[in-house]
Amino acid sequence: MKNVLEVIVTTVEDAIIAEAGGADRLELCISMEEGGITPSLGKIKNVISAVSIPVHVMLRPHSNSYHYTVEDFSVMLDDLRVIQLFGARGVVLGGLTKENFIDNILLQDLLPHCEGLNVTFHRAFDEVEDQIEALHQLKKYPQIKQVLTSGGPGTALDNLIQIEALLYETSHERMHILAASGIDPTNVAQLLEIGVTNIHVGSGVRFGKSFHQPINIEMIRKIKQLMESYLT
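For the sequence shown, our numbering gives the first residue as 30, with consecutive numbering after it.
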C-alpha cells in the first residue's frame, strides 16, 4: 500500500529541506499561527520551481472563519488560477456554512475550476460536529482525494478512535484520510498501528516544534523510515 508523508512548508528553504528528508508531498501556506492561508504569488512560483515532488497550495483567503462570502469566493478563484498557472499539483481547500456544516454550495461552485488538481479538504473538517456524515458528503466529489483531519478537537493522537472510524469509512474508497496535528517521530507509530497511511506533519518536524524555526531534516527522515517499516 502506498504511504504518503506530507510536510507543511512556508518558504523555499523549507521545501528544499523537506524534499531532501524524504517528504512525498508538500503543503505550501503561510501564517501558520492563523492555521495557514494562501501564500503570495512569488512564493508559490519559487517553491514549485525549487522541488520535484508535488506541491499542494493552501487556498484560504483569510483566517476569520471557514465561512466564505461572494467576495471571498472571487478571491479564491483568482488565487486558484495563479496556483494552476505555476504548476501546482494540488490545492488544499474547504468551507463551512455559518452552522458549521460542509458548504456544498461553495464546493459545487469551486471544484469544477480545480480540473487537473489533486484536492485536499482542509481542517475545516475538524469544526463539524458529525464527521462521519460530513465525510459521506465529501465522497460525492470525485475531485477530493484527501481529507486533512485530526479527528476533531485536539491532536490526531487525542482522537485515535475517531480516526480509526474515518479510516473504516474510506477503506474501499478513492479518498484518503490525511492524519494531522501533533505528529512527530515519537508518536507517529500510534497512527501507523491503526492503519493510517497518509501522514501530515508541521511543527512536529521543526526545531523547537515552532514554525518560527527551520525544519529538522532528521525528524522527517525518521518518520519516513517508520512509515516504510510499517507500510511496506
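The beta carbon of each residue, even a glycine, is placed where N, CA and C say it ideally should be.
Beta-bridge pairing of residue i - partner residues as DSSP gives them
i: THR149; result: VAL121 and GLN175
i: VAL86; result: LEU57 and VAL120
i: ILE205; result: It should be pointed out that residue 205 corresponds to His in this sequence rather than to Ile. In the DSSP output, where bridge partners are listed per residue, HIS205 has GLN175.
i: ILE228; result: LEU34 and ALA208
i: ARG235; result: ILE244
i: ILE131; result: LEU125
i: ILE112; result: Answer is none; ILE112 lacks a bridge partner.
i: ILE66; result: ILE59
Cβ-based burial, residue i [other Cβ within 10 Å; buried from 16]
i: ARG203; result: exposed
i: ASN245; result: buried
i: LYS127; result: exposed
i: PHE236; result: exposed
i: THR39; result: buried
i: VAL99; result: exposed
Check whether residue i and residue j have beta carbons under 8 Å apart
i: LEU125; j: TYR170; result: no
i: LEU207; j: GLN175; result: yes
i: ASN75; j: LEU260; result: no
i: HIS142; j: GLY119; result: no
i: LEU122; j: VAL148; result: yes
i: GLU198; j: LEU164; result: yes
i: THR184; j: SER210; result: yes
i: LEU34; j: ALA49; result: no
Same chain, Cβ closer than 8 Å to residue i, neighbours up to 5 away in sequence not counted
i: ILE66; result: CYS58, ILE59, SER60, MET87, ARG89, PRO90, HIS91 and SER92
i: GLN242; result: ARG235 and PHE236
Rounded C-alpha distance that separates residue i from residue j
i: ASN133; j: LEU55; result: 26 Å
i: ASP108; j: GLU156; result: 24 Å
i: ILE45; j: LEU177; result: 23 Å
i: VAL80; j: ASP187; result: 33 Å
i: GLU42; j: HIS96; result: 32 Å
i: PHE150; j: GLU222; result: 24 Å
i: PRO182; j: GLY71; result: 33 Å
i: GLN219; j: GLU193; result: 11 Å
i: LEU47; j: VAL217; result: The identity of residue 47 in the sequence shown is Ala, whereas the question assumes Leu. Using only the alpha carbons, I get a separation of about 17 Å.
i: ILE212; j: GLN172; result: 27 Å
i: SER103; j: SER69; result: 16 Å
i: SER94; j: LEU106; result: 18 Å
Cutoff 7 Å; reference residue i; Cβ partners in own chain excluding five residues on either side
i: SER239; result: SER232
i: GLY180; result: ASN188, GLN191, ILE192 and LEU195
Same chain, Cβ closer than 6 Å to residue i, neighbours up to 5 away in sequence not counted
i: PRO214; result: MET248, LYS251 and ILE252
Residue i: CB within 7 Å of a non-hydrogen atom of the ligand PLP
i: TYR259; result: In the structure on display, the ligand PLP does not appear, and there are no ligands present to speak of.
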